[in-house]
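**Student:** Can you keep this structure in mind? I'll have questions shortly.
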Amino acid sequence: MSDIQEDRDLTINILKFNPHDTNSRPTMVEYVIKERPGMSLFLALTAIREKLDHNLAYDFVCRAGICGSCGMLVNGKPVLACKTQTKDYKDGNITLMPMPAFELIKDLSVNTGKWMNGMSKRVGSWIHTSESTDIGKVERRIEPEVANDTFELDRCIECGICVASCATKIMRPEFVGAVGLNRVVRFSIDPYDERRDSDYYELIGDDDGIFGCMSLMGCEDHCPKELPLQEKIAFMRRKMVNQRDT
Amino acid sequence: MKIQYCDALVIGGGLAGLRSAVAASVKGLNVVVISMVPVKRSHSAAAQGGMQASLGNSKMSQGDNEDLHFADTVKGSDWGCDQEVARMFVNTAPKAIRELASWGVPWTRITQGDRTAVINAKETTISEEPDVHGLIHSRDFGGTKKWRTCYTGDATGHSMLFSVANEAIKRDIEIQDRKEAISLIHKGDRCYGAVVRDLVTGELSAYVAKGTMIATGGYGRVYRTTTNAVICEGTGHAIALETGKVPLGNMEAVQFHPTPIVPSGILLTEGCRGDGGVLRDKDGHRFMPDYEPEKKELASRDVVARRMMEHIKKGKGVGIGRESFVWLDISILGRDHIERNLRDVQDIAITFNGIDPADEGEKGWLPVHPAQHYSMGGIRTDRTGHTALKGLFSAGEAACWDLHGFNRLGGNSVSEAVVAGMIIGNYFADFCRDNDIEISTNYVKEAILKVDLEIDKILTYEGPEDIFEIKARMQDIMDNKVGVFRNGIELKEAVEELEELYRKTKEITVKAKDKIHNDELTEAYRVPKMLKIALCVAKGANDRTESRGAHFREDYEKRDDANWLNRTLAYWRAEEDTMPTLEYEPIGVMDMELPPGFRGYGSKGNIILHPDAEKRQKEVDEIRERMTKQGKDRIEIQDAIMPYRLHREYKAINFRVGDRL
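In order, the protein sequence lines correspond to chains D and A.
The numbering used here numbers the first residue of the first sequence as -7 and each following residue consecutively.
The numbering used here numbers the first residue of the second sequence as 176 and each following residue consecutively.
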């Protein structure tokens, strides 16, 4: 917190555009604010909206890197804005753009919720089982390592940063994204889920699924939860290749 | 004007709302969930440490059962809770855990054999038996007799929320996000739904439903320093309050969490201390054992927060004045433990403070200071979650059901959210199934129009005040005068200043006149609602001349059961009022299973006992003694002391490992 220069000015350029307003045109707007110690982009944008521009749109909820609401492009890189510290931008110039690949609501606000909902339905992002659980009885035993492996992938917060950093997604609008593939791997290792590889093949066994990934790994490079996406996508691809070839 | 009809309307898409929606969907009802944010972004996701349920699987939780969870919860509440609700809750919590496991929550599981844990700052070996291998694990949390808090690393709320949300998606429940309920539609003593504002288009529409549930979480953002998400503004409470019929209960009961990180106020889970982390002062001294020899860092949150502030006031904090803090040391747990079980804590500390808490010694210590965290108070309901307005229900943190009384135990929040979603969700669904409504479309249109006119009116204000400044001023008043330590002088000032601010919300000018994407307009209709909530908190705190749980009065240090064993009910009687009207609902000692006494932590002898406490204790003891002699089991004895009603499936026995089936 101490390496802040006192009273530094931050110049923040933001793409403003309201697609619902026919008079609106995409415009870069410059805001200058005083930097504060420990300032995150959450605090900076809040200051801009309170003091300089009441109609600037963006999304924050938890402001602690947990809820996944605030993905945006900061100097071209997709990040969670709440976890981004202004002091890391040495020249004090920051450019903010909405994440690509999602429906733009306004300015920095994009509809990740709608996209993720579609993704969840597409890959069946829930436990598929024919068993009914008697919740009064002692729970089924799960190997601790398996539970832990499932949790590792369950940590995805569906922020959309992997989708916004994906080259395949640009070429193939229907690409399910690392988030969708990760969901499939997560359920495939969860002992409660009865789906088999052949079921997953039906979901993702094409170029909009596992075979569309070009392994450029923008997803893993930018994932704020540092999920092992490269390894898990490769793992799933091997399994799906076997399905295809049988 | 658009009117949408459904059987069940759920306002709020966190754990309580979504689980209730699932309950309604299971009964074949047409459910609509509206949420200000995509539901998986709800604040339930931010719960880190875990969920209490007395599974009793691991070594350190052996012998745990509903009775112990019940007693811990009642003591934690400082006898402010409804003990029948506490019984309903503790009996359903193990079922909730097991249901969630089957819905995909990857609960951390027990590994047989030896493991090392840090207990009371010492490395201790714990040995797990082979017969519990693979069962659900639990960690220690404050104010509990056993290690009872089940968890997935330190992202428990996230895993729980995603599982329940995915269950709702699986069931094709209609979820509409970026929508805000800004008024309830009601006539006489019946609720008919809500007027809802689309936060993208600004459009107002009506949702008419046989039953409406408010599950909108807490009201922490009336404070400046809070762990709460920015959406936790209490506007769900306000729309219930504004009906004039529905009281808010115990609004002064506000929890301050001991260990949010300084200065951002972002939460560091109680799991840090549950797993063995300690608090240190400016000299590096571990001070909690000096104050709380038995529970140390793991007394209830109200007690630990006060002890920290007390210690800081003695000049033992790091830094000076209001910036002063103490250290949370989890480095003693070792890097392996932190990087597996407290990873989000590590991430937060590195990101926001540049400190890696796994670094050994002072280098890894984290600056912490108590901050607003949880709202025990809320929309007052009966035991089925029904409010005074027929057809309006409430569940989770938004409600005063009243499970937590004047202090909630760590691990009981997400637990309440999902358990209430099961219990209240089912009562709510039954109500929606069994009751019909008749309401003219004209009446509904009038309700929309009224809100529309109010918004138009706000846009015509021409005053000197700024709504953002009013909000900031409110938050400062709440922080400075309605905080951890309270006194009559400051509370009186707070009440007066908040009332004045409330008046000033009509003396503003909203510069841009657009009805959409106009944040100043949004604040202009929300902030008066927040001020109503803040006034309920401050007035409740001012009038309650005792100390109970998280409500601590420097001028009335004793818990006064003789005069204050009751629940505050705050009403907003008329639209033009500028102050809530307070009433009190007694809590009957003679109905209690656990009559009031000493909690086992906090200051001893600081209680003015209720005249009936001893009498009831004697009665309870006699029943227990007699029935034990007759060979009755603990469930039969409990039923004789304080019978309670619950759906059969939730009232059923919870089997534990080792029980004979």
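Backbone N, C-alpha and C define an ideal beta-carbon position, used for all residues, glycine too.
So, with DSSP's three-state summary, where would you put residue 38 of chain D?
**Tutor:** Three-state DSSP puts residue 38 of chain D in a helix.
**Student:** Scan the stretch 541 to 606 of chain A and note each continuous beta strand (DSSP E) run of 3 residues or more that stays entirely inside, going in chain order.
**Tutor:** Qualifying beta strand (DSSP E) stretches, in chain order: 541 to 543, 546 to 550, 553 to 555, 567 to 569.
**Student:** Cα-Cα, which of A:290, A:595, A:536 is closest to residue 821 of chain A?
**Tutor:** Of A:290, A:595, A:536, the residue nearest in Cα terms is A:595.
**Student:** As a quick exercise: from A:380, A:519, A:385, A:465, pick the residue whose alpha carbon is nearest that of residue 446 of chain A.
**Tutor:** For residue 446 of chain A, the nearest C-alpha among the options comes from A:519.
**Student:** Is the stretch 77 to 93 of chain D touching the stretch 718 to 734 of chain A in the sense that three or more CB pairs, one from each, lie closer than 8 Å?
**Tutor:** Result no; under three Cβ-Cβ pairs closer than 8 Å.
**Student:** So which residues on chain D does residue 278 of chain A lean against when the C-beta distance must stay under 7 Å?
**Tutor:** Correct list: 119.
**Student:** Ordered along the chain, which non-local residues of its own chain (more than five positions away) have a Cβ less than 7 Å from that of residue 208 of chain D?
**Tutor:** Excluding positions up to five away in sequence, the list reads 159.
**Student:** At which residues does the alpha helix (DSSP H) containing residue 341 of chain A begin and terminate?
**Tutor:** Here the alpha helix (DSSP H) through residue 341 of chain A covers 331 to 345.
**Student:** Using C-beta distances below 6 Å, list every residue in its chain close to residue 257 of chain A, excluding the 5 sequence neighbours before and after it, in chain order.
**Tutor:** If we look at residue 257 of chain A and ignore the five residues flanking it on each side, its Cβ neighbours are 577.
**Student:** Once you ignore the five residues that flank residue 18 of chain D on each side, which residues in its own chain have a CB closer than 7 Å to its CB?
**Tutor:** If we look at residue 18 of chain D and ignore the five residues flanking it on each side, its Cβ neighbours are 7, 9.
**Student:** Grab the span of the alpha helix (DSSP H) containing residue 716 of chain A for me, first residue to last.
**Tutor:** 694 to 718 is the span of the alpha helix (DSSP H), which, as asked, contains residue 716 of chain A.
**Student:** Between residue 365 of chain A and residue 351 of chain A, what straight-line distance do the alpha-carbon atoms span, to the nearest angstrom?
**Tutor:** Whole-angstrom Cα-Cα distance: 24 Å.
**Student:** Excluding the 5 residues flanking residue 123 of chain D on each side, which residues of the same chain have their C-beta closer than 6 Å to its C-beta?
**Tutor:** Excluding residues within five positions, none has a Cβ falling inside 6 Å.
**Student:** For residue 695 of chain A, would you say it is in contact with chain D, using Cβ-to-Cβ distances shorter than 8 Å as the test?
**Tutor:** By this cut-off, residue 695 of chain A is an interface position.
**Student:** Compare the C-beta of residue 213 of chain D against all C-beta atoms of chain A and say whether one is closer than 8 Å.
**Tutor:** With 8 Å as the cut-off, residue 213 of chain D does not count as an interface residue toward chain A.
**Student:** Cutting at 6 Å between CB atoms, please list the residues of its own chain near residue 211 of chain A, excluding the five before and the five after it.
**Tutor:** 355, 406, listed in sequence order.
**Student:** Can you check whether the C-beta of residue 460 of chain A is within less than 8 Å of a C-beta belonging to chain D?
**Tutor:** No, residue 460 of chain A lies away from the interface with chain D (no Cβ there is under 8 Å from its Cβ).
**Student:** Under 8 Å, with one C-beta from each stretch per pair, do the stretch 548 to 566 of chain A and the stretch 389 to 400 of chain A reach the 3-pair mark?
**Tutor:** The stretch 548 to 566 of chain A vs the stretch 389 to 400 of chain A: in contact.
**Student:** Count the other C-beta atoms from every protein chain shown that fall within 10 angstroms of the C-beta of residue 610 of chain A, then say buried if there are 16 or more, exposed otherwise.
**Tutor:** Result: exposed.
**Student:** On the three-state DSSP scale, how would you describe residue 25 of chain D?
**Tutor:** Residue state, collapsed to three classes: strand.
**Student:** What would DSSP say about residue 416 of chain A, mapped onto helix, strand or coil?
**Tutor:** In this structure, residue 416 of chain A counts as helix in the three-state DSSP scheme.
**Student:** So, with DSSP's three-state summary, where would you put residue -4 of chain D?
**Tutor:** Because the pLDDT at residue -4 of chain D is just 48, under 50, the model does not fix this residue reliably, and the point stays unresolved.
**Student:** Tell me the DSSP secondary structure of residue 430 of chain A in three-state form.
**Tutor:** Correct three-state label for residue 430 of chain A: strand.
**Student:** Where residue 299 of chain A and residue 289 of chain A are concerned, what is the direct C-alpha to C-alpha distance, given to the nearest angstrom?
**Tutor:** In a straight line, the C-alpha of residue 299 of chain A is about 10 Å away from that of residue 289 of chain A.
**Student:** What are the boundary residues of the alpha helix (DSSP H) that residue 120 of chain D is part of?
**Tutor:** Neither: residue 120 of chain D is in no alpha helix (DSSP H) and is coded neither H nor E.
**Student:** Which residues of chain A have a Cβ atom closer than 7 Å to the Cβ of residue 49 of chain D, listed in chain order?
**Tutor:** What residue 49 of chain D touches in chain A: 692.
**Student:** Using the beta-carbon of each residue, which ones in chain D are nearer than 9 Å to residue 282 of chain A?
**Tutor:** By Cβ distance, chain D contributes 131, 134, 139, 143.
**Student:** Please determine, among A:575, A:182, A:511, the residue with the shortest C-alpha to C-alpha distance to residue 557 of chain A.
**Tutor:** The candidate whose alpha carbon is nearest that of residue 557 of chain A is A:575.
**Student:** What residue from A:547, A:541, A:509 has the CA that sits closest to residue 533 of chain A's CA?
**Tutor:** Per the Cα distances, A:509.
**Student:** Using a Cβ-Cβ cut-off of less than 7 Å, list which residues of the stretch 60 to 76 of chain D approach chain A; keep chain order.
**Tutor:** So the close ones are 60, 61, 75.
**Student:** Could you run through the stretch 505 to 527 of chain A and flag, in chain order, every residue whose CB is less than 9 Å away from some CB of chain D?
**Tutor:** Taking 9 Å as the Cβ-Cβ cut-off against chain D, the residues of the stretch 505 to 527 of chain A that qualify are 515, 518, 519, 522, 523, 526, 527.
**Student:** Answer with yes or no whether the minimum CB distance from residue 93 of chain D to chain A is below 8 Å.
**Tutor:** No, no contact with chain A.
**Student:** In its own chain, which residues sit with a C-beta less than 7 Å from the C-beta of residue -4 of chain D, not counting the 5 before and 5 after it?
**Tutor:** Per-residue confidence for residue -4 of chain D stands at a pLDDT of 48, beneath the threshold of 50, marking its modelled position as unreliable; the derived number appears in the next sentence. The answer, listed in chain order, is 27, 29, 79.
**Student:** Compare the C-beta of residue 52 of chain D against all C-beta atoms of chain A and say whether one is closer than 8 Å.
**Tutor:** Judged by the 8 Å Cβ criterion, residue 52 of chain D is in contact with chain A.
**Student:** DSSP state of residue 80 of chain D, grouped into three classes?
**Tutor:** DSSP places residue 80 of chain D in helix when its eight states are reduced to three.
**Student:** Just the chain A side, please: which residues come within less than 7 Å of residue 125 of chain D by C-beta, in chain order?
**Tutor:** By Cβ distance, chain A contributes 273, 274, 277.
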